[in-house]
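Below you'll find the structure, written out as structure tokens, and then a few comments.
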Amino acid sequence: MLSSSAVDQNTNAGVREVTLGQAIREALAEEMRRDPRVFIMGEDVAEAGTAFKVLSGLVEEFGTSRVIDTPISEAGITGLGVGGAMTGMRPIVDIMFGDFIGLAMDQIVNQAAKVHYMSGGKLKVPLVVRTTMGATRRTAAQHSQSLQAWVSHVPGLKVVLPSTPYDAKGLLKTAIRDDNPVIFFEDKMMYQLKGLVPDADYTIPFGVADIKRPGLDVTIVATSSMVQIALAAAELLEKLNISVEIVDPRTTFPLDKDTLIASAKKTSRAIVMDEGYERYGVTAELAAVIAEGAFYYLDAPVKRLGAMDVPVPFSPVLEDLTVPTAASVVEVAKTLCGRV
Amino acid sequence: MSQTESPKTLDAGKDVEQAQWLKMYEQMLTIRHFEEHVNQLYMTARMPGLAHLYSGEEAIAVGVCSALRRDDYITSTHRGHGHCLAKGAAVDRMFAELLGKEAGYCKGKGGSMHIADQDTGNLGANAIVGGGAGIATGAAMSIKMRGSDQVAVCFFGDGALGQGVLYEVMNMAALWKFPIVYVCENNLYNEYTHYTETTAGNLSERATAFGVPCETVDGQDIRAVYDAAQRLVARARRGEGPAFMLCDTYRYYGHHVGDIQRAYYRSKEEEEHWKAQRDPIKLLANWLVEQGIADDETFERIEQKVRAEVEAGEQFALNAPFPNPDEVEQDVYA
Numbered sequence: 001m002l003s004s005s006a007v008d009q010n011t012n013a014g015v016r017e018v019t020l021g022q023a024i025r026e027a028l029a030e031e032m033r034r035d036p037r038v039f040i041m042g043e044d045v046a047e048a049g050t051a052f053k054v055l056s057g058l059v060e061e062f063g064t065s066r067v068i069d070t071p072i073s074e075a076g077i078t079g080l081g082v083g084g085a086m087t088g089m090r091p092i093v094d095i096m097f098g099d100f101i102g103l104a105m106d107q108i109v110n111q112a113a114k115v116h117y118m119s120g121g122k123l124k125v126p127l128v129v130r131t132t133m134g135a136t137r138r139t140a141a142q143h144s145q146s147l148q149a150w151v152s153h154v155p156g157l158k159v160v161l162p163s164t165p166y167d168a169k170g171l172l173k174t175a176i177r178d179d180n181p182v183i184f185f186e187d188k189m190m191y192q193l194k195g196l197v198p199d200a201d202y203t204i205p206f207g208v209a210d211i212k213r214p215g216l217d218v219t220i221v222a223t224s225s226m227v228q229i230a231l232a233a234a235e236l237l238e239k240l241n242i243s244v245e246i247v248d249p250r251t252t253f254p255l256d257k258d259t260l261i262a263s264a265k266k267t268s269r270a271i272v273m274d275e276g277y278e279r280y281g282v283t284a285e286l287a288a289v290i291a292e293g294a295f296y297y298l299d300a301p302v303k304r305l306g307a308m309d310v311p312v313p314f315s316p317v318l319e320d321l322t323v324p325t326a327a328s329v330v331e332v333a334k335t336l337c338g339r340v
Numbered sequence: 001m002s003q004t005e006s007p008k009t010l011d012a013g014k015d016v017e018q019a020q021w022l023k024m025y026e027q028m029l030t031i032r033h034f035e036e037h038v039n040q041l042y043m044t045a046r047m048p049g050l051a052h053l054y055s056g057e058e059a060i061a062v063g064v065c066s067a068l069r070r071d072d073y074i075t076s077t078h079r080g081h082g083h084c085l086a087k088g089a090a091v092d093r094m095f096a097e098l099l100g101k102e103a104g105y106c107k108g109k110g111g112s113m114h115i116a117d118q119d120t121g122n123l124g125a126n127a128i129v130g131g132g133a134g135i136a137t138g139a140a141m142s143i144k145m146r147g148s149d150q151v152a153v154c155f156f157g158d159g160a161l162g163q164g165v166l167y168e169v170m171n172m173a174a175l176w177k178f179p180i181v182y183v184c185e186n187n188l189y190n191e192y193t194h195y196t197e198t199t200a201g202n203l204s205e206r207a208t209a210f211g212v213p214c215e216t217v218d219g220q221d222i223r224a225v226y227d228a229a230q231r232l233v234a235r236a237r238r239g240e241g242p243a244f245m246l247c248d249t250y251r252y253y254g255h256h257v258g259d260i261q262r263a264y265y266r267s268k269e270e271e272e273h274w275k276a277q278r279d280p281i282k283l284l285a286n287w288l289v290e291q292g293i294a295d296d297e298t299f300e301r302i303e304q305k306v307r308a309e310v311e312a313g314e315q316f317a318l319n320a321p322f323p324n325p326d327e328v329e330q331d332v333y334a
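Residue numbers (our numbering), protein chains in the order written: chain A, 1 to 340; chain B, 1 to 334.
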């Protein structure tokens, strides 16, 4: 069931190509086999395998007592997750669309995030909230937002934004094993993205950025969906003799400030990308980190690229204008490098 | 009103030893004295912040928690001192928490509205109205998943009936037969507003709509509270699912210690009526005398003991050190 559809085209022993969705499913299944306290609850997570089919097959292996279909009650199920986590379980709550975390926000922000501190360190909340982000699916303003800035703002939460199947699997395992509430954002448009993952068990520590592409002239710090956009832009820029270094923080908290700053110092130019709204967004924080840490090394102000500050429109012609593209990144990079 | 399967045919005190009634009396009196000292600490500006006093409602916390084991869970509210003490918290560390001292239950980081004590199954008081609903129901879910025979109790006030999350989790508790008892303390006021101005329809039908049996209980009569709690907790422990206790009660002080001009929302006569006619400690005392379980000498002895404990606890907390400044960044993450 697990990797039945995984394409094992790889010649390297112990490595397989899987989609990001499969990587998520494998991480969940392996952690549920490893730890009987781990369970999944959410809307249509069992037989339906979620609206995105990411969990398909899990209920057949683990049964409905561990893959639990719930009512459409985001606040309630997140609250159950908090209470379950405080009393010996390790719940994974599935919030189908990231937009719906608004319904669960009190449970996440006022309960999960604060229980450990308010109790003087006595109570723990080993909870994972898996949810989605990302536009360009033509699902309009209430199913397309990337709201990671909201939860990145709150002390007590950890926030994960994987951009590859390898990162998704390793980071999700870390999230499940972490004793804190972790909000895990999956880009809906990347579920079919393929990449290599090892057969063996592995985890990726939080707070360690990954250099997705080394380069010399300009640093692009990009999260989740924006990593692919940055990689496409880097290919185009290489033809213009602009060498791009792409740094993926992978977690907005804990944040690997050192790697971001070191890269910006090396290239002396930085673009920061995240699919959340640009205004008061993740890009603002990352830009501030670089500006503070690498100010005297920079040849130009740090440039932010986020989603346009409008509710995501339905019409494809309009929606496509709201998110950064490889072409828009190229233009910004050329400007930063004085190549216009 | 009772919709549980077992009718109230038993004498409430039948199975209870005399010593246990005296213990409950002592616990109620401890809460009463504790709250009076808290009020004095506030009035004399020796306590930071504020507090929401439980005086008048003691029979509910003590009656319900007397039906629980130490390893059963509770969640409490902003008006939570009574629940914490009834579940087994010590007076000295309670005072210390209220004063923001290192020796407090939460190292001074929680304060009056956030006392949690996992050693007594207290998953925390909660300053969001209805905030304990998800946690308590999640704890009940965890109990069931772990195959334990614990029970969870969720305390909340009439104000929480306005919160949607309560209905979301009650629906799931009923659907999946979680071992939980929802205890609504209807003290008549959502802060400064009579509940009838905010709450439509029949209160108990909020539970029965989900198939959750509801018992309406005189919250000033600890024997009635204890009787109902014993039956509903035992029912939950047997795996027969959630229940709802609707307890009619009254809050002697204002919404919080600073709420002293209350005439615009309730009359002095109403307050005096409850204190004179419906006081839970007096009602139990009268019954103890009638039954020949206690006399003036007994009450005097208990009073002295409680006074000494509360005064010593308060002194301990006043003399205790504040947290070290480097504590401020500790415990954000586990």
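Glycine included, each C-beta is placed from N, C-alpha and C at the ideal position. Note that the structure is a prediction, hence the values are computed from the model and not measured.
Taken through DSSP and simplified to helix, strand or coil, L246/B comes out as strand.
DSSP lists T219/A as the bridge partner or partners of A270/A. The residues I220, A222, I246, M273 and V329, in chain order, have a CB closer than 7 Å to that of A230/A in the same chain once the five nearest residues on each side in sequence are set aside.
The Cβ-Cβ distance between P254/A and R138/A does not fall below 8 Å.
Excluding the 5 residues flanking it on each side, T75/B has same chain C-beta neighbours closer than 6 Å at L123, G132, I135, A136 and C154, in chain order.
C-alpha of T50/A to C-alpha of F295/A: approximately 45 Å in a straight line. CA-to-CA, the gap between R146/B and E290/B works out to about 45 Å. Spatial neighbours of C247/B in its own chain (CB-CB distance under 7 Å, excluding positions within 5 residues in sequence) are listed in chain order as I60, V183, C184, E185, N186, V217, G219 and V225.
T131/A and I108/A do not touch by the CB rule: their CB atoms are close to 10 Å apart, not below 8 Å.
The C-beta distance from A175/A to V128/A rounds to 5 Å, short enough to fall under 8 Å.
If you look at N39/B, you'll find it in the alpha helix (DSSP H) that goes Q18 to M43.
Contact between T251/A and G207/A holds, since their C-beta atoms are separated by about 6 Å, short of 8 Å. Boundaries of the beta strand (DSSP E) harbouring N186/B: I180 to N186, taken from the DSSP string. The beta carbon of L216/A sits closer than 8 Å to the beta carbons of S243, E245, K266 and T267 from its chain, once the five residues preceding and following it are set aside; these are given in chain order. Of all residues in the region 122–142 of chain B, only L123, G124, I128, G131, A133, G134, I135, A136, T137, G138, A139, M141 and S142 come within less than 7 Å of chain A when Cβ atoms are compared, listed by chain position. The DSSP-derived three-state label of K158/A is strand. The Cβ atoms of V306/B and E26/B lie closer than 8 Å to each other.
Boundaries of the alpha helix (DSSP H) harbouring E26/A: L20 to R34, taken from the DSSP string. Assignment of L196/A by DSSP, reduced to helix, strand and coil, places it in the strand class.
Short of 7 Å from the beta carbon of H37/B, and not among the five residues preceding or following it, lie these beta carbons of its own chain, in chain order: V310 and E314. Nearest Cα to D149/B within the set L50/B, A45/B and L68/B: L68/B. Taking 8 Å as the cut-off, the beta carbon of S152/A is found no closer than this to the beta carbon of S224/A. Residue burial annotation: D71/B is exposed, with fewer than 16 other C-beta atoms found within 10 angstroms of its C-beta. Residues of chain B with a Cβ closer than 7 Å to the Cβ of F206/A do not exist, since the nearest Cβ in that chain sits about 10 Å away. In terms of beta-carbon proximity, A334/B lines the interface with chain A, with at least one pair separated by less than 8 Å.
If you draw a straight line from the Cα of G164/B to the Cα of Q111/A, it is about 16 Å long. Contact residues of the region 64–83 of chain B toward chain A are Y73 (C-beta to C-beta distance below 7 Å). Bounds of any beta strand (DSSP E) do not take in M145/B; it lies within the alpha helix (DSSP H) bounded by G132 to R146. Not one beta carbon of chain B lies nearer than 8 Å to the beta carbon of N241/A. At least 8 Å separates the CB of D320/A from every CB of chain B. Counting only Cβ-Cβ distances below 9 Å, P71/A has contacts in chain B at E168, N171, M172 and L175, in chain order. A buried status is given to I95/A, since no fewer than 16 other beta-carbon atoms sit within 10 Å of its beta-carbon. About 24 Å separates the CB atoms of L166/B and G111/B; that is not less than 8 Å, and the two are not in contact.
The closest CA to that of A104/A, considering only A29/A, E278/A, Q228/A and I72/A, is found on I72/A.
Note on geometry: alpha-carbon atoms of E269/B and T64/A lie some 56 Å from one another. V340/A is classed as exposed because its beta carbon has fewer than 16 other beta carbons within 10 Å across all chains shown.
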